[in-house]
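Participant: Same order as they appear, the protein sequences are chains A and B.
If you use this note's numbering, the first sequence corresponds to residues 273 to 1204, in order.
If you use this note's numbering, the second sequence corresponds to residues 273 to 1204, in order.
In this text, a Cβ means the ideal position worked out from N, Cα and C, and glycines have one as well.
On a predicted model such as this, the values are computed, not experimentally measured, just so you know.
There are 2 protein chains.
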Amino acid sequence: MPPRPAASARKQRSKPTERRAAQRWVWSFGDGRAEGDRNMADLLGGKGANLAEMSRMGLPVPPGFTLSTEVCRYYYEHGRNYPRGLTQQVDEALGAVERSLGKRFGADENPLLVSVRSGARVSMPGMMDTVLNLGLNDRTVEALARASGNARFAWDAYRRFVQMYADVVLGLKGGHAESSPFSAALDALKRERGVREDTALGADDLRELVRRFKAIVAERGLVFPDDPREQLWGAIGAVFGSWMNDRAVAYREMHSIPSSWGTAVSVCAMVYGNLGEDSGTGVAFTRDPASGEKRFYGEFLMNAQGEDVVAGLRTPLPIGELEGRDPRSWKELLRIQRLLEKHYRDMQDIEFTIERGRLFMLQCRSGKRTGLAAVRIAVEMARERLITRDEALLRVPAEALEHLLKPVFERRALDTARADGRLLTKGLNAGPGAASGRIVLRADDAEDWARRGEQVILVRLETSPEDIRGMRAAQGILTARGGMTSHAALVARQMGKVCVAGAGELEIDLRERCVHIGPTALREGDWLSVDGTSGEVFKGRIDTQPSEVMQALFEGDAKARRGELWRAFEELMRWADQTRVLGVRANADQADQCKVAIAFGAEGIGLCRTEHMFFDGDKIDCVREMIVAETREERERALAKLLPLQRSDFESIFEEMAPHPCTIRTLDPPLHEFLPHSETAIEALATKLRVSPEKLAHKVESLHELNPMLGHRGCRLGISYPEITAMQARALFEAACAVRRRRRKAVKPEIMIPLVATPKELELQARIVRETAEQVFREQGLRVPYLVGTMIELPRAALVADQIAASAEFFSFGTNDLTQTTFGISRDDGASFIPLYVCSEIFPADPFATLDTEGVGALMRIAVEKGRAARGELKLGICGEHGGDPRSIAFCHDLGLDYVSCSPHRLPIARLAAAQAALRAGGKRKTRRKAS
Amino acid sequence: MPPRPAASARKQRSKPTERRAAQRWVWSFGDGRAEGDRNMADLLGGKGANLAEMSRMGLPVPPGFTLSTEVCRYYYEHGRNYPRGLTQQVDEALGAVERSLGKRFGADENPLLVSVRSGARVSMPGMMDTVLNLGLNDRTVEALARASGNARFAWDAYRRFVQMYADVVLGLKGGHAESSPFSAALDALKRERGVREDTALGADDLRELVRRFKAIVAERGLVFPDDPREQLWGAIGAVFGSWMNDRAVAYREMHSIPSSWGTAVSVCAMVYGNLGEDSGTGVAFTRDPASGEKRFYGEFLMNAQGEDVVAGLRTPLPIGELEGRDPRSWKELLRIQRLLEKHYRDMQDIEFTIERGRLFMLQCRSGKRTGLAAVRIAVEMARERLITRDEALLRVPAEALEHLLKPVFERRALDTARADGRLLTKGLNAGPGAASGRIVLRADDAEDWARRGEQVILVRLETSPEDIRGMRAAQGILTARGGMTSHAALVARQMGKVCVAGAGELEIDLRERCVHIGPTALREGDWLSVDGTSGEVFKGRIDTQPSEVMQALFEGDAKARRGELWRAFEELMRWADQTRVLGVRANADQADQCKVAIAFGAEGIGLCRTEHMFFDGDKIDCVREMIVAETREERERALAKLLPLQRSDFESIFEEMAPHPCTIRTLDPPLHEFLPHSETAIEALATKLRVSPEKLAHKVESLHELNPMLGHRGCRLGISYPEITAMQARALFEAACAVRRRRRKAVKPEIMIPLVATPKELELQARIVRETAEQVFREQGLRVPYLVGTMIELPRAALVADQIAASAEFFSFGTNDLTQTTFGISRDDGASFIPLYVCSEIFPADPFATLDTEGVGALMRIAVEKGRAARGELKLGICGEHGGDPRSIAFCHDLGLDYVSCSPHRLPIARLAAAQAALRAGGKRKTRRKAS
């Protein structure tokens, strides 16, 4: 029974939609025409817009129509009533479909059957409901049997429809689960007939099944409508209703999709791929979504329905084999896929059905792809002039470049594993890279095993903050539950761990210490291999190897350098470098890291933490001697020993980096970190330093701090012990002079004072640096240009940046500490609640991974404005972890920083993200303010 | 030889001073006239301006003249040359003095002798140099002997002059120290003459001494000028030169005095109080500077010089006894002191000399006074209508009120101690209050001794960060070195410890474990009493008692309530309350603290920390049970036990405070703080809670944080465990309803959510509070008005205050944490460098004591502006320690906060400071925004 427009609606406040006389609520497509097009996804949903577009292109699309998202909005704004005129528009559209196909909806002869599907502006996979085969009843089923000449097919469609309708529209839940009454009825019938497979049931059996299914519905006091029109409105109402179901609401909250967007409903004539060996169905990609290779890629099944391809009950055939089965459809499909890619100017994911030799396109959309494929497709499409270089740059998610650097499974070993059927399941690709290890089920054990040298894969139902140390110890993480924003996924990405999350087939038996994946049982300690780039999980061990890009970059592997992926990567990076305005630097503390940084395109060092050098070999003893010193004289004696060691560290860094600038930070961490803490270690050190263990223990104790992050560290050390800063400056300038003389290349040290909160701190420390520089230059008879600047890593520094700029020639935003202090959250301790905060949407993202533009960003803006106002030529950079995060980089671009600095491995991401930021900011190719 | 104006000066760039023809560089006074007046301290220095003023008033001032600070500025701006015309102006002014006295400078008969003194705009005690008896040489000394009829006097003056001139002008250092060559020569002469006292040397001896002194000068290649004019210009140059000596520069840096102010030089005719028994000298105050009592107070010595009174070699007489010695001078002095107080409208500190029965006023200035005296003098002067009430309010340094609340020595015991000569020395009154204890010389020992129940006084040369725990353990602190901003002074004031700093006579012998003060030797363990309000140090034990104000307030002591001090205090507080715009509240966690708060004038509670209640009795067990809970159900069981206990806490607080508002903060500290940490304590708790010790130990371990200040605390706990917030809200609203019903007084709870960084956190917590409130009101059939708000204690909260104000009905600035995070300094750990930072002027003050207006204040301003823009009626307060600091209170007033909240004992300070802030802000008596 078609619903009537709500009487009350006429009196309601939001009249605008109503007043427009004869508003179009329903948009038809089919027969080479369509009322909508691809740009109307907001109104028609992604699916509806693409069906309309394909129809316009003259492609064979089963005719149909779309109820727009405005209907959905109206529906919810008017107490679940439909707008006036909707019924009539639906009737008209349905009539057009009937005319197009020469079929009639609900007719006893040649009946029209339709599918009813949801379709929002953006894809919300599995979140909403669909009804197929709609229009069947006891009469039309017979007509379908006659029309198809296949009674079994018709009754099979009917029993599926009854079950689906009961589930989706009537709310008879449990429709798909094993325990559902429908499954039980099916099983009972099979037992009665003495058969094992559904396919062994004949038309009469299925007719009996339909009877029993209807009885199940009736038993529950529900009514299965025989009238196809009533079925249609029931299904439409169910789809609109599904927009507000719990799953959909949760998904929207998770992805910040406003509920006001609403869903569209597409009603489409059914076509069948299971009408015999001249029918079939398939899914395909216009290019390989895994490698990006330009080849038509996909799979199909003859005499099958779409869900058969997906469900994996029958093994689909590679798409190329269609040529042998149905050469005409193959040729047509090839033509269409080329056309679609050209038309959409992107790799397309398509679904098709062949009904008795006639090809129908059921869906097309931009295809999901791996990071590798994204790079190769973008670059190759630009080479083909299908898209511009700028578009190519914008097409690759910057983060995806990480995939290109992560280890992969050895090709041959992987092939063997696949061939041996060792692929167990597929979950979400939550942390890229490939890893093998022994299964461990508890985080504590993971730590223990790792400590004794085992490679482990931590396998958990889901992870929680207590598992963090175990996660760190593991090679990879595999969870049964949770999505891309689950605790496991968030933490793994933060740690750079391989992670496959939400592998639903996984069952963990903690008592028996074993794991079941489908039919496979594995015991704790067994080898498992996980590919966090693809989400695949393999039984046994698969060796890994560096990625093609890594081989090309660092192993001078000639073969890798001929690889398409490497060439695409290199080209993309070149384009990015030509496009970006931001400079890119690396955070690197030692010469070997500098090498990596240069290979990844660093234009300098943005942060060299001098203290990391302090732990090396003999140095730690001198450092400890310095710390334990009671007088300035003693301290200076220890520093004198440290001087040549630091100098040679700096020399090796300048050697690698010249002529690029190097930002070197003076001593930052609390001294406590350098001292031993166990009793025996203290005694050993006491002997070495020839002091009493009691005295040393007392010193260690006295340096202990309750909140070392907020303690005696950073420039506070240099203020308390100016001789430390002086020694570091001397080592640095002596090294700079030595390398300048030896290499005749420019050496550009930039000395950075950490943890400055007040102008006076910087002034005092900068004076020491500058005085030392002058002294060294006099001694060496040589000058080296240098800058003195500071980290802006405390809120106060940002707030008085104008005053600080008086002594600072550059600012580098230390956004790790700035985030810690702005939020009052220690990065070390935040793990106990940050994941909860991200899941609860209290934080849009982990603020230590992605810059908090509202809070931390506001301080940065203040600092930039005040700093530049006080000193126009002030150089500005960022050296916190955020320097390698694309969203944060975009913010840095908008803020007008000169460069970002990140860990060497994130440099490609930073280069691409910087280019994208420049393009998105309007493409004005500003020239950079200076070589930075 | 009078210097010539620098030839080069004529050509120099800074001409303005020069171009003004006949600029006045020299300002005369004397004979009831003066060219300057009291308002010209900038030009004439404090001393010169007051001498001019007294002269204008017709008071007997020895005539003289002042070289202005402009001369000093000119001198330094022109390469230490004098301006043109200066010599002539000095000559003219000197001539006037000669004419006034009928004496001549350098004359063989009746010679004029002068003093040359420095005098800056503000007093810089002991920082600059002075020359007395100038004008003496081998001829004039004889004339002086004749004129005075006292050869010994003349030669004594001469030998002092030679020594002083050599020291100050010729730079023959060591003039005053024991080891100086002049002292050695004096001692040698005394040995030769077989005498012990200087006074036993006759005129001839002193003549011989002059000869030897001059020989000492000559031996060093220096020239003692015989020409009085040359002496005069030498002395003037030395005084100007002393403006740039190390002591003066250091003092100015310490007190932020610009060196551009310069010093004036006052040249004044010498008058002598040591010309016989009809001469004398004294210092006096127009009111008692210790008690504030209105009585002429001071002391004098007949036949003595000023320095004799100060040096303490002879015991001066109480000023009243002058009446018997010289009734005419007494009468005159009485008249003058009354006149001066009335004229200056403040208590005056005066110096006078009687030369042969003729009274001369040498100096007057506003007198320094104790906090007690400040209150009494201000209130009584207002009562006398000498000053207005507003002036009275501004006259009392708010901090001084602390003195009125601190314990004092028992009057009788103190009198006895004085009478017994147990007063050992006097240092700086660095931390008010009185304390007795045993002398301990090392901080570690102080801790040990205190642990076994001893009262100790920590006696140190100076203190350093390692001494902090010892300082905390001690009753009082006494140091030999360091000023009012030394480490000891800063830390003691921060801790509220009694402290006398910089007691220069103190000598510490760490090896012998004893202390020498003058002739007195004390051993470690001996009793010592220190008065940090007066700076006095006494031998032995003196019992303490509560101050008069405390007795009147809390002991209902009728006698105390009749005391003048109490009455003055009460009146001042009343005036302050009538004047201030800011509300004042107390930080109080328990009913007894609420009582104190009400007594001190609290208008509500600004911060009630619920967790402080958690440690009480049985509660801690329930709290621990809650923390250890593994599931929500277990946790709720523990919370259910806690609920009635919390409710009764809240009831007792509401009982005390009704009808005042009470801001109650939900749980704030990390849970770790509530758990035991030693192995045995963990085992005991495990038994109690019936869990395994391993499990409990694991829990304790898992809650450990590296930086607990930045960890899982504040609202983060309430977000993780909403049931805790719900329990607290329920306890609070049930208590509020109970008290409302029982007492029929308004109960005004204000629930405050701590450590909010994002609007969503507050929104989630506020929702729990409001839902719980509605539930309780329904159950109770009673509504209680309440507010929900948040602390602004993280930089991010300030930056997004507009968003936060959407759920907040009030903000309370938690400036302790806000300072910690803005500076990135932990209050607990900062002690290791904050004193250094204050001494080095990196911080103008300890930012945890006085609000950092530039950084933290900037964030507060942002929060106030954004918060009020988003919600006009937003109530604003402060509850950090700064709420009791006068300078910070002034800032809060300017910021337009509604109230400040501080610890109960600082309420009087806050009330006065708030009144002063209102007066200083222009006296517009804004009405308060609302009862706060």
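Between which two residues does the alpha helix (DSSP H) holding histidine 1165 of chain B run?
Facilitator: Numbered from its first residue, the second sequence carries residue 1165 of chain B at position 893. Taken as a continuous stretch (DSSP letters only), the alpha helix (DSSP H) holding histidine 1165 of chain B covers 1158-1167.
Participant: DSSP state of threonine 359 of chain B, grouped into three classes?
Facilitator: By 1-based counting over the second sequence, the position of residue 359 of chain B is 87. Helix at threonine 359 of chain B.
Participant: Taking only the alpha-carbon atoms, compute the straight-line gap between tyrosine 1058 of chain A and isoleucine 1023 of chain A and give it to the nearest angstrom.
Facilitator: For the purposes of this step, residue 1058 of chain A is taken as the residue at position 786 of the first sequence. For the purposes of this step, residue 1023 of chain A is taken as the residue at position 751 of the first sequence. C-alpha separation (whole angstroms): 8 Å.
Participant: Alpha carbon to alpha carbon, how far is cysteine 771 of chain A from alanine 689 of chain A? Give it in angstroms, no decimals.
Facilitator: To locate residue 689 of chain A, count along the first sequence from 1; it is residue 417. To locate residue 771 of chain A, count along the first sequence from 1; it is residue 499. Those two C-alpha atoms are separated by around 19 Å.
Participant: CB arginine 839 of chain B to CB aspartate 861 of chain B, shorter than 9 Å?
Facilitator: To locate residue 839 of chain B, count along the second sequence from 1; it is residue 567. To locate residue 861 of chain B, count along the second sequence from 1; it is residue 589. Taking 9 Å as the Cβ cut-off, arginine 839 of chain B and aspartate 861 of chain B do not qualify as a contacting pair.
Participant: Could you give the DSSP three-state label for leucine 394 of chain A: helix, strand or coil?
Facilitator: As a position in the first sequence, residue 394 of chain A is number 122, starting the count at 1. It should be noted that the sequence gives valine, not leucine, for residue 394 of chain A. Note: valine 394 of chain A maps to coil in three-state DSSP.
Participant: Less than 7 Å between C-beta atoms, sequence neighbours within five positions excluded: which residues of the same chain meet that for arginine 1002 of chain A?
Facilitator: Translated into the one-based positions of the first sequence, residue 1002 of chain A becomes position 730. Cβ within range, chain order: Leu915, Thr1044 and Val1048.
Participant: Proline 1067 of chain B CB to nearest chain A CB: under 9 Å?
Facilitator: As a working note, residue 1067 of chain B is residue 795 in the second sequence. Judged by the 9 Å Cβ criterion, proline 1067 of chain B is in contact with chain A.
Participant: Could you work out which residues of chain A lie near aspartate 1100 of chain B, taking near to mean beta carbons separated by less than 7 Å?
Facilitator: Looking up residue 1100 of chain B in the second sequence gives position 828. Residues of chain A passing the Cβ test: Leu978 and Asn979.
Participant: Using a Cβ-Cβ cutoff of 8 Å, what residues of the segment 1022-1051 of chain B are near chain A? List them in chain order.
Facilitator: Leu1027, Ala1029, Thr1030, Lys1032, Glu1033 and Leu1036
Participant: Can you list, in chain order, the residues of its chain whose CB lies under 7 Å from that of phenylalanine 568 of chain B, leaving out five sequence neighbours each side?
Facilitator: Start at 1 with the first residue of the second sequence, and residue 568 of chain B comes out as number 296. Counting only Cβ-Cβ distances below 7 Å, and skipping sequence neighbours, we find Ala556, Thr558, Ile591, Leu606 and Gln609.
Participant: Give the range of the beta strand (DSSP E) segment to which isoleucine 659 of chain B is assigned.
Facilitator: For the purposes of this step, residue 659 of chain B is taken as residue 387 along the second sequence, with counting starting at 1. Taken as a continuous stretch (DSSP letters only), isoleucine 659 of chain B belongs to no beta strand (DSSP E), as it is neither H nor E.
Participant: Taking 8 Å as the cut-off, does the segment 1091-1106 of chain B touch the segment 984-991 of chain A (at least 3 CB pairs, one atom from each stretch)?
Facilitator: yes
Participant: Tell me whether glutamate 1113 of chain B is buried or exposed, calling it buried when 16 or more other Cβ atoms sit within 10 Å of its Cβ.
Facilitator: The sequence position of residue 1113 of chain B within the second sequence is 841, counting from 1. Looking at its Cβ environment, which holds fewer than 16 other Cβ atoms inside 10 Å, glutamate 1113 of chain B is exposed.
Participant: CB-CB under 7 Å to arginine 1178 of chain A, same chain, minus the five flanking residues each way: which ones, in chain order?
Facilitator: Stepping through the first sequence from its first residue, residue 1178 of chain A is reached at position 906. Answer for arginine 1178 of chain A: Gly1156, listed in chain order.
Participant: Run through DSSP, which three-state label would phenylalanine 1115 of chain A get?
Facilitator: Working through the first sequence from its first residue, we reach residue 1115 of chain A at position 843. Of the three classes helix, strand and coil, the one that applies to phenylalanine 1115 of chain A here is coil, per DSSP.
Participant: Who are the near neighbours of arginine 586 of chain A in its chain, counting only those whose CB is closer than 8 Å to its CB and skipping five residues on each side?
Facilitator: As a first step, residue 586 of chain A must be located in the first sequence, where it is residue number 314. So the qualifying residues of the chain are Leu573, Ala576 and Asp580.
Participant: Say whether chain B places a C-beta atom closer than 9 Å to the C-beta of glutamate 1126 of chain A.
Facilitator: By one-based count along the first sequence, residue 1126 of chain A stands at place 854. Closer than 9 Å to some Cβ of chain B, the Cβ of glutamate 1126 of chain A qualifies, so yes.
Participant: Can you list the residues of chain B that aspartate 1089 of chain A reaches, using a CB-CB cut of under 8 Å?
Facilitator: As a position in the first sequence, residue 1089 of chain A is number 817, starting the count at 1. Within 8 Å Cβ-Cβ: Gly1096.
Participant: Please tell me whether serine 1112 of chain B has its Cβ less than 9 Å away from any Cβ of chain A.
Facilitator: Sequence index remark: in the second sequence, residue 1112 of chain B carries index 840 (1-based). Yes, serine 1112 of chain B counts as interfacial toward chain A.
Participant: Please check if any C-beta of chain A sits within less than 9 Å of the C-beta of valine 1072 of chain B.
Facilitator: For the purposes of this step, residue 1072 of chain B is identified with residue 800 of the second sequence, where counting begins at 1. Yes, valine 1072 of chain B lies at the interface with chain A (some Cβ there is under 9 Å from its Cβ).
Participant: Taking Cβ-Cβ distances shorter than 8 Å, what residues in chain A pair up with glutamate 738 of chain B?
Facilitator: Residue 738 of chain B sits at position 466 when you count from the first residue of the second sequence. Under the 8 Å cutoff, chain A gives Ser974.
Participant: What separation, rounded to the nearest whole angstrom, lies between the Cα atoms of phenylalanine 841 of chain B and tyrosine 1171 of chain B?
Facilitator: Mapped onto the second sequence, residue 841 of chain B falls at position 569. Mapped onto the second sequence, residue 1171 of chain B falls at position 899. Each residue's Cα considered, the two are about 22 Å apart.
Participant: Which same chain residues end up closer than 7 Å to glutamate 1033 of chain A when comparing Cβ atoms and leaving out the 5 residues on each side of it in sequence?
Facilitator: Here residue 1033 of chain A corresponds to residue number 761 of the first sequence, with the count starting at 1. Contacts found: Cys987 and Ile991.
Participant: Is proline 530 of chain B buried or exposed, if buried means 16 or more other CB atoms sit within 10 Å of its CB?
Facilitator: For the purposes of this step, residue 530 of chain B is taken as the residue at position 258 of the second sequence. Exposed.
Participant: Can the beta-carbon of aspartate 1100 of chain A be found closer than 9 Å to that of leucine 1066 of chain A?
Facilitator: Position 828 of the first sequence holds residue 1100 of chain A. Position 794 of the first sequence holds residue 1066 of chain A. No, the pair does not count as a contact, with Cβ atoms beyond the cut-off.
Participant: To test your reading of the DSSP string, which unbroken alpha helix (DSSP H) runs of 4 or more residues are found completely within the segment 788-827 of chain B?
Facilitator: The segment 788-827 of chain B contains these whole alpha helix (DSSP H) runs: 820-826.
Participant: What number of angstroms, rounded off, separates the C-alpha of glycine 447 of chain B from the C-alpha of phenylalanine 485 of chain B?
Facilitator: The sequence position of residue 447 of chain B within the second sequence is 175, counting from 1. The sequence position of residue 485 of chain B within the second sequence is 213, counting from 1. Residue placement at glycine 447 of chain B cannot be trusted, given a pLDDT of 40 that sits under 50; what the coordinates show is reported in the next sentence. Glycine 447 of chain B and phenylalanine 485 of chain B: Cα-Cα distance of roughly 11 Å.
Participant: Closest by CA to arginine 783 of chain B, which one among B/Asp499, B/Glu796, B/Gln727 and B/Ala773?
Facilitator: In the second sequence, the residue the question calls residue 783 of chain B occupies position 511. For arginine 783 of chain B, the nearest C-alpha among the options comes from B/Glu796.
Participant: Nearest by alpha-carbon distance to valine 511 of chain A: which of A/Ile1064, A/Asp401, A/Ala460 and A/Ser455 is it?
Facilitator: What you label residue 511 of chain A is simply residue 239 of the first sequence in a count that begins at 1. Nearest of A/Ile1064, A/Asp401, A/Ala460 and A/Ser455 to valine 511 of chain A, Cα basis: A/Asp401.
Participant: Within its chain, find whatever has a CB closer than 6 Å to the CB of glutamate 325 of chain A; leave out the 5 residues flanking it on each side and keep chain order.
Facilitator: Position 53 of the first sequence, counted from the first residue, corresponds to residue 325 of chain A. These residues qualify, in order along the chain: Asp309 and Arg310.
Participant: Got a sec: is the Cβ-Cβ distance from isoleucine 991 of chain B to anything in chain A below 9 Å?
Facilitator: Walking along the second sequence from the start, residue 991 of chain B turns up at place 719. Cβ-Cβ to chain A under 9 Å: yes for isoleucine 991 of chain B.
Participant: Thinking valine 728 of chain A and alanine 745 of chain A are a contact (beta carbons under 8 Å), I'd like their distance in whole angstroms, please.
Facilitator: Mapped onto the first sequence, residue 728 of chain A falls at position 456. Mapped onto the first sequence, residue 745 of chain A falls at position 473. With 8 Å as the limit, valine 728 of chain A and alanine 745 of chain A qualify as a contact, their Cβ atoms being about 7 Å apart.
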